[in-house]
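From first to last, the protein sequence lines stand for chains A and B. Residues in the first sequence are numbered from 1 upward in steps of one, following the working numbering. Residues in the second sequence are numbered from 1 upward in steps of one, following the working numbering. Even for Gly, the Cβ is constructed at its ideal location relative to N, Cα and C. This structure is a prediction, so every number in the text was calculated from the model and none was measured. Contents: one structure, followed by commentary.
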Amino acid sequence: MFQLKWLLSNLKGYRLVYAVALLLSIITQSFFLIGPIISQNIIDIFISSENAVENIQTKSDLLIWLCIAMVLFVLLRTGIQFLAKMLYEITSQGVLQKVRNELFRRIQNQDMHFFDTHTRGDLVTRLTGDLEMIRHSIAWIIMLVVESISLFLFTVIYFFTIDVALTLWVLSLTPVLFVITRIFSKKVRPRYITLREKLSRLNTKAQENIAANRVVKAFAREEYEKEDFDKYNKEYCEYSKKAAMTWLTFQPYIEILAQALWVVHMLAGGIFVINGQITIAEYSVFSALLWTISNAMRNLGMLINDLQRFFASISKIIDVYYARPGIVNNHEYTERNRIKGDIRFENVTMKFGDVTVLEDINLTVKNGETVVIMGATGSGKTTLMNLIARFYDPTSGAVYVGGKNVKEYEPDILRCNIGMTTQEVLLFSDTVDGNIAYGKSDLPFEDVTKFAHLACADFIEKMPEKYETIIGERGVGLSGGQKQRIALARAMAIRPPILILDDTTSAVDMETETQIQENLTKLDFECTKLIIAQRTSSARYADRIVILEDGKIRECGTHDELMASKGYYYEIYSLQNGTDKEAV
Amino acid sequence: MARNKFDIDESLESPFDIKHFKRAMVYVKKYKKSIITALLLSAISSAVALLGPLITKEAVDVAIPRGIETGDIWYTVLLSALFLLTIAVSVIFANIRQRIMTKAGQNIIYDIRKDLFAHLQRLPFSYYDDRPQGKILVRVVNYVNSVSDILTNGIINLVLEIFNIVFISIFMLFVDVRLALVVFAGLPVFIIIMAFLKSRQRKAWQALSNKSSNQTAYLAESINCIRVTQSFAREQENLGIFKRLSTAYRKAWMKAVTLNALVGFSVDNIRAIADSGLYFVGLMIIGYPAVSLGSILAMSSYSARFWQPIINIAQLYNQFINAVAYLERIFETMDEPVPVKNAENAYELPEMTGKVEYKNVTFAYEEGKNILENVSFTVNPGESVALVGPTGAGKTTIVNLISRFYNLTGGKILIDGHDISEVTLESLRKQMGIMLQDSFIFSGTIEDNIRYGKLDATEEEIRQAAKTVCADEFINTLENGYKTEMYEGGSQLSGGQRQLISFARTLISNPKILVLDEATSSIDAKTEKELQKGLQSLLKGRTSFIIAHRLSTIKNCDKIMFINNKGITEAGTHEELMAKKGDYYKLYTAQ
């Protein structure tokens, strides 16, 4: 029931509209009870009556008025129905959008741990399929509950005024119905939860296949992928059937019970009439309105079914809605003031699970300094950088930026002071211009071209629509080196006091790399640069070089110092510059 | 079509066409038997249900009055029992119909999804490059799910309702032609209104499917690139964009449902006008005794039965218009041409030795914009070739052509003398090992990821491959070693580690031709050096193409080709090219 409470709290702002819609629904329901009276009148007066023929001549005005009334009455009813329908849609769409935006906002503020444990396909399922259930519950389930209950109550009260005993007889089947629906709801719930899981898996599989389409082709694994997908497809198909079959197993009992009302009415009512307890006219009143109770009973089963589905989905949404990120913004947005670019690591240790990635790191980088970080694959270079932007908090120790512990900044204030490129270049399906100006969307066009030029991304000029060319999601249409240069331009374009380049020139050719390095020394803003690189040539303009090994700083110093100490750096330098004997 | 982004609607070229529905019928036909059975069951169920009112009538007219007279309730009891029986029969038959239809419906969407997915596997890179992934995803999952009901129950109900209408119309004509015509007069009005709404409705539902696809695309992309968004602290602005998209979706929805609601609104009113017209015309214009009062009475009850199925069909029609918007998208994807496919008489490429010949190869992604022009070269079995040159010069394109990821614009490529356009794609690509610039890690264990290259690889083979690429060491430090489950995209590994895994995957496939496209760019120099040692033995007997920027990687190749200006500007060994003092020399000395 927590789920319903949550839904109700999200109805805020639409409660009045929704209440009006529900009220209109109830009114239309009563119209269904009253409406037939007009045509009944026509029949009674002008057709069935003994004076029918006479009446046509003498009361022709009445006949015309009744005909007009009939049309107007339906016009009124359908008008109200239309209005109610629109109000339901306004409410359900309004709430749906509100929750969807809110979920989007919350997901955006989640930390990396969240994205490590929630697959993209699953998150997409939650924000599409599961959210649809919110709409369905507001525009349909709740409406039907209110309609059924109100009609049911109207009728039952009316019935009681006619005859208590017969009413009780008619209602005698409802407890049985409650027992059945209770058993049913217990059985069907886990089915919907599993089905929901299967849908998410299907989504994840399809999503992964689409993302990996190049790998699939490279290995000619189309057949394998088809077979693999088939498993998920079949599973989803089977579980859909299972869930539906569970409903269909109970449905006949519920339906028979709902219809058996007429039998009870006929038998009990018939005997009552025979015994003289009620009149045949009273018997007819019961039979004319019995459908309202029968409908309510029938709907109950359907509603229970829908409700279980609703619960399975809403739980998934609430789960994301209330997931608390470890690293949070405490307030909404303040002015983005510029932080000074000095960085200090103090006894920083970082563990992921049992694995120690960084151990007791102490490092100070002065404002405006250029530091190149090198080290073996998996030695912790990227993690070190991630700690500066506070994508993770260190297990122990502290990171200081601009003299302040990074935990004391709002993450967004901190991060907009850091221009960062990641190893795996992520671009957006947007124009080149839009991608470069991603961090600062009001960046003037001259600046976009200027930073593109600084990043040696001159190839943009050769593209069909230059800066207006749309590049595919993740920049799939571009070569690795081209993507890296756009990402570099994007990072520089926010003119950050701290620039972090994670292996940004690995796919760029030598000549261009040299040019980029030179350009980096000529930026028109003060900037601390941290550069992760594999090639010693990248260290050309570095003030200092840091060598990481197994999460520890093994060497740290200038090029000359490190060359003199003949350690790791010396070894690599020799290796890459051909002075190493083995390599020749 | 120009490349699509999240906030651009995908225009649909084809106008509304019943052919989409006909095409859907191909999937339905497979379950023809189920549908016919279900139809029969429905008919029986409805027929049995019709007995109900007769029984009640008998009870009120005969059984109860007789009971009042004689005090005998047994006839009433008997009728009740009979009534219960008809209910049970009718419900059970209807239930069986539902079961059959549910199964058929699920099977149909299973079939459609399967075909759609299979076709997606055949589509070229460019299809995926040209649109956000989320837009493809919604088609495979959400859209397909939306069409099952209309294709099963929709069809059956349509048939039943049409049957109802015909049946009732005949009855009405039989009772009184003139009165029947009055009731029918509402029909043309209804049809005109529907025709008026139709194109609007179609547009509205199409717009909705576009807006929903845009929204999903942006959502998927935002989740994919969350790192970038957070590092640029752009959450607020993106939320603004998302709000814009979700508002567009809501507006499209409201428009579509308003039109839908109008259908219900108009059919109810037309019916009311027709009903009152019936009394008015019957009683006042034709008048008694030209028409009997009994037939007016009968006609008014038939009129209700005539209009109910029409109301139901109008509802079905709403569903149908909605489903067509999705079907169109699904079939549009299935109709997407497959440019690279097996030639008609394609034959299996026999086990290759690895000789590669390019003969005057010209290639353009877009017509008129050649990336490569008249490229010719020969690589002998077992040779290693390095491709160097500025980024964007076409190095990746050259190697992609060997696997026939694209069709050539001109010239041909021969492997062991076989034109690659004449052999089956699978036999060609299976013998090639390509390591791409992006190292994709699948969800699953590390072992699974390596095994992707050779599905029947033993654990021993996997370990051996990992050892060769120097990945064994770091894998063993992971919590569960080779059985460590990867997060999506392998996010717990470093970029270099991901490259090593994907390298192992390529190696285990035991390719005759190996293509390494920036395979080691994120791997540190020391690991790379070790890697080279392991590779030396592996490269023996295999032809290899290596794209790299680190000259230490390139130097030892048998042949180096400098790619620039749409072709090969220099070729030769390291020593030859150094002596030549051309582009390569410049590049080398720059390092």
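Length of the line joining the Cα atoms of B:L208 and B:G264: Within the second sequence, the letter at position 208 stands for residue 208 of chain B. Within the second sequence, the letter at position 264 stands for residue 264 of chain B. Approximately 20 Å, taken between the alpha carbons.
Quick one: any contact between the region 120-127 of chain B and the region 327-340 of chain B, if contact means 3 or more CB pairs under 8 Å? Touching, per the Cβ criterion.
Is the shortest distance between the beta-carbon of B:Y128 and the beta-carbons of chain D less than 8 Å? Going by chain labels, chain D is absent from the structure shown, which instead holds the protein chains A and B.
Since B:E426 meets chain A, which of its residues come closer than 9 Å, beta carbon to beta carbon? Numbered from 1 along the second sequence, position 426 holds the residue referred to as residue 426 of chain B. Chain A residues near B:E426: A220, E222, E223.
If you count every other CB in all the chains shown that lies within 10 Å of the CB of B:G105, and 16 or more means buried, which is it? The residue given as residue 105 of chain B occupies position 105 in the second sequence. Flag for B:G105 reads buried.
Inter-residue spacing [alpha-carbon to alpha-carbon] between B:S509 and B:K540: For this step, residue 509 of chain B is matched to residue 509 along the second sequence. For this step, residue 540 of chain B is matched to residue 540 along the second sequence. Taking the straight line from one Cα to the other gives about 15 Å.
Mark B:I462 as exposed unless 16 or more other C-beta atoms lie within 10 angstroms of its C-beta, in which case mark it buried. By 1-based counting over the second sequence, the position of residue 462 of chain B is 462. The residue is buried, with at least 16 neighbouring Cβ atoms inside 10 Å.
Under three-state DSSP, which class holds A:V401? Position 401 of the first sequence, counted from the start, is the residue given in the question as residue 401 of chain A. Annotated three-state conformation of A:V401 is strand, per DSSP.
Beta-bridge pairing of B:F125 - partner residues as DSSP gives them: For this step, residue 125 of chain B is matched to residue 125 along the second sequence. Looking at the DSSP assignment, B:F125 forms no beta bridge with any residue, so it has no partner.
Output, in sequence order along the chain, the residues in the region 509-528 of chain B whose CB is closer than 7 Å to any CB in chain A. Correct list: S509, E518, S521, S522, I523, D524, A525, K526, T527.
State buried or exposed for B:S384, treating a residue as buried only when at least 16 other CB atoms are found within 10 Å of its CB. By 1-based counting over the second sequence, the position of residue 384 of chain B is 384. B:S384 comes out buried.
Exposed unless 16 or more other CB atoms sit within 10 angstroms - verdict on A:K581: Position 581 of the first sequence, counted from the first residue, corresponds to residue 581 of chain A. Residue placement at A:K581 is poorly supported in this model, since its pLDDT is 37, which falls under 50; the coordinates still yield a value, given next. Exposed is the call here.
Mark A:S240 as exposed unless 16 or more other C-beta atoms lie within 10 angstroms of its C-beta, in which case mark it buried. Here residue 240 of chain A corresponds to residue number 240 of the first sequence, with the count starting at 1. A:S240 should be labelled buried.
Ignore the nearest five residues each way along the sequence and tell me which others in B:M1's own chain have a CB closer than 6 Å to its CB. Working through the second sequence from its first residue, we reach residue 1 of chain B at position 1. Only weak support is given to the placement of B:M1: the predicted model assigns it a pLDDT of 39, under 50, and the value that follows is read from those uncertain coordinates. Excluding positions up to five away in sequence, the list is empty.
Within its chain, find whatever has a CB closer than 7 Å to the CB of B:A519; leave out the 5 residues flanking it on each side and keep chain order. Position 519 of the second sequence, counted from the start, is the residue given in the question as residue 519 of chain B. Excluding positions up to five away in sequence, the list reads M435, Q499, F503.
A:D130 at chain B interface by Cβ criterion, 8 Å: Indexing the first sequence from 1 puts residue 130 of chain A at position 130. So no, A:D130 is outside the interface.
Taking just the CA atoms, how far does B:K57 sit from B:I285? Against the second sequence, residue 285 of chain B aligns to sequence position 285. Against the second sequence, residue 57 of chain B aligns to sequence position 57. When rounded, the distance between both Cα atoms is 33 Å.
Per DSSP, the bridge partner or partners of B:F93: Numbered from 1 along the second sequence, position 93 holds the residue referred to as residue 93 of chain B. Paired residue(s): none; B:F93 is not in a bridge.
Does the CB of A:T579 have a neighbour CB from chain B at under 8 Å? The sequence position of residue 579 of chain A within the first sequence is 579, counting from 1. Here A:T579 scores only 48 on pLDDT, less than 50, and its place in the model is too uncertain to base an answer on.
With a 10 Å radius around its C-beta and 16 neighbouring C-beta atoms as the bar for buried, classify A:Y232 as buried or exposed. Taking the first sequence and counting its residues from 1, one reaches residue 232 of chain A at position 232. The residue is buried, with at least 16 neighbouring Cβ atoms inside 10 Å.
Straight-line Cα distance separating B:L116 from A:M70: Here residue 70 of chain A refers to the residue found at position 70 when the first sequence is read from its first residue. Here residue 116 of chain B refers to the residue found at position 116 when the second sequence is read from its first residue. Rounded to whole angstroms, the gap between the alpha carbons of A:M70 and B:L116 is 52 Å.
Alpha-carbon to alpha-carbon, B:I226 and A:A583: For the purposes of this step, residue 583 of chain A is identified with residue 583 of the first sequence, where counting begins at 1. For the purposes of this step, residue 226 of chain B is identified with residue 226 of the second sequence, where counting begins at 1. Low confidence applies to A:A583: its pLDDT is 34, below 50, so where it sits in the model is not reliable, and the reading given next is rough at best. For A:A583 and B:I226, the distance between alpha carbons rounds to 42 Å.
Measuring alpha carbon to alpha carbon, tell me which residue in A:T174, A:P394, A:N386, A:T504 is nearest A:E346. Numbered from its first residue, the first sequence carries residue 346 of chain A at position 346. The shortest Cα separation from A:E346 among A:T174, A:P394, A:N386, A:T504 belongs to A:P394.
Count the other CB atoms, across all protein chains shown, that sit within 10 Å of the CB of A:M1; report buried if there are 16 or more and exposed otherwise. Counting from one through the first sequence, the residue named residue 1 of chain A turns up at place 1. Burial call: exposed.
Just to make sure I have the definition right: I need the residues of chain B whose C-beta is within less than 7 Å of the C-beta of A:M70. Which are they? Locating residue 70 of chain A in the first sequence gives position 70, counting from the first residue. Residues of chain B passing the Cβ test: A272, D275, S276.
Determine whether the Cβ of B:Y279 lies closer than 8 Å to any Cβ atom of chain A. The residue labelled residue 279 of chain B in the question sits at position 279 within the second sequence. Chain A contact via Cβ: present.
Does any residue of chain B have a CB that is nearer than 8 Å to the CB of A:C527? Along the first sequence, read from residue 1 onward, the residue named residue 527 of chain A stands at position 527. Interface residue (Cβ-Cβ distance to chain B less than 8 Å): A:C527 is not classified as such.
Should A:S200 go down as buried or exposed, given a rule of 16 or more other Cβ atoms within 10 Å for buried? Residue mapping note: residue 200 of chain A aligns to position 200 of the first sequence, counting from 1. A:S200 should be labelled buried.
Please determine if the region 415-434 of chain B and the region 510-519 of chain A are in contact, where contact requires at least 3 C-beta pairs separated by less than 8 Å. Here the region 415-434 of chain B makes no contact with the region 510-519 of chain A; the two share fewer than three CB pairs at distances below 8 Å.
Measure the CB-CB distance between A:Q482 and A:F459 and report whether it falls below 8 Å. Taking the first sequence and counting its residues from 1, the one referred to as residue 482 of chain A is at position 482. Taking the first sequence and counting its residues from 1, the one referred to as residue 459 of chain A is at position 459. In terms of Cβ geometry, A:Q482 and A:F459 form a close pair [threshold 8 Å].
Contact set between the region 545-565 of chain B and chain A, restricted to residues whose Cβ is under 7 Å from the partner: From the region 545-565 of chain B, only H549, R550, S552 have a Cβ closer than 7 Å to chain A.
Measuring only the C-alpha atoms, how far is A:L248 from B:S46? On the first sequence, position 248 is the one that residue 248 of chain A refers to. On the second sequence, position 46 is the one that residue 46 of chain B refers to. About 18 Å.
Enumerate in chain order the residues of its own chain whose CB-to-CB distance from A:L303 is below 7 Å, with the five nearest sequence positions on each side excluded. To locate residue 303 of chain A, count along the first sequence from 1; it is residue 303. Only I141, L144, V145 meet the Cβ criterion.
Start and end of the alpha helix (DSSP H) containing B:V175? Counting from 1 along the second sequence, the entry for residue 175 of chain B is found at position 175. Segment 155-175, the alpha helix (DSSP H) holding B:V175.
What residues from the region 506-536 of chain A come within 8 Å of chain B, judged by C-beta to C-beta, listed N to C? Cβ contacts with chain B come from S506, A507, V508, D509, M510, E511, T512, E513, T514, Q534, R535, T536.
With respect to the beta strand (DSSP E) encompassing A:L300, which residues constitute its N-terminal and C-terminal limits? As a first step, residue 300 of chain A must be located in the first sequence, where it is residue number 300. Here A:L300 belongs to no beta strand (DSSP E); instead the alpha helix (DSSP H) covers 280-321.
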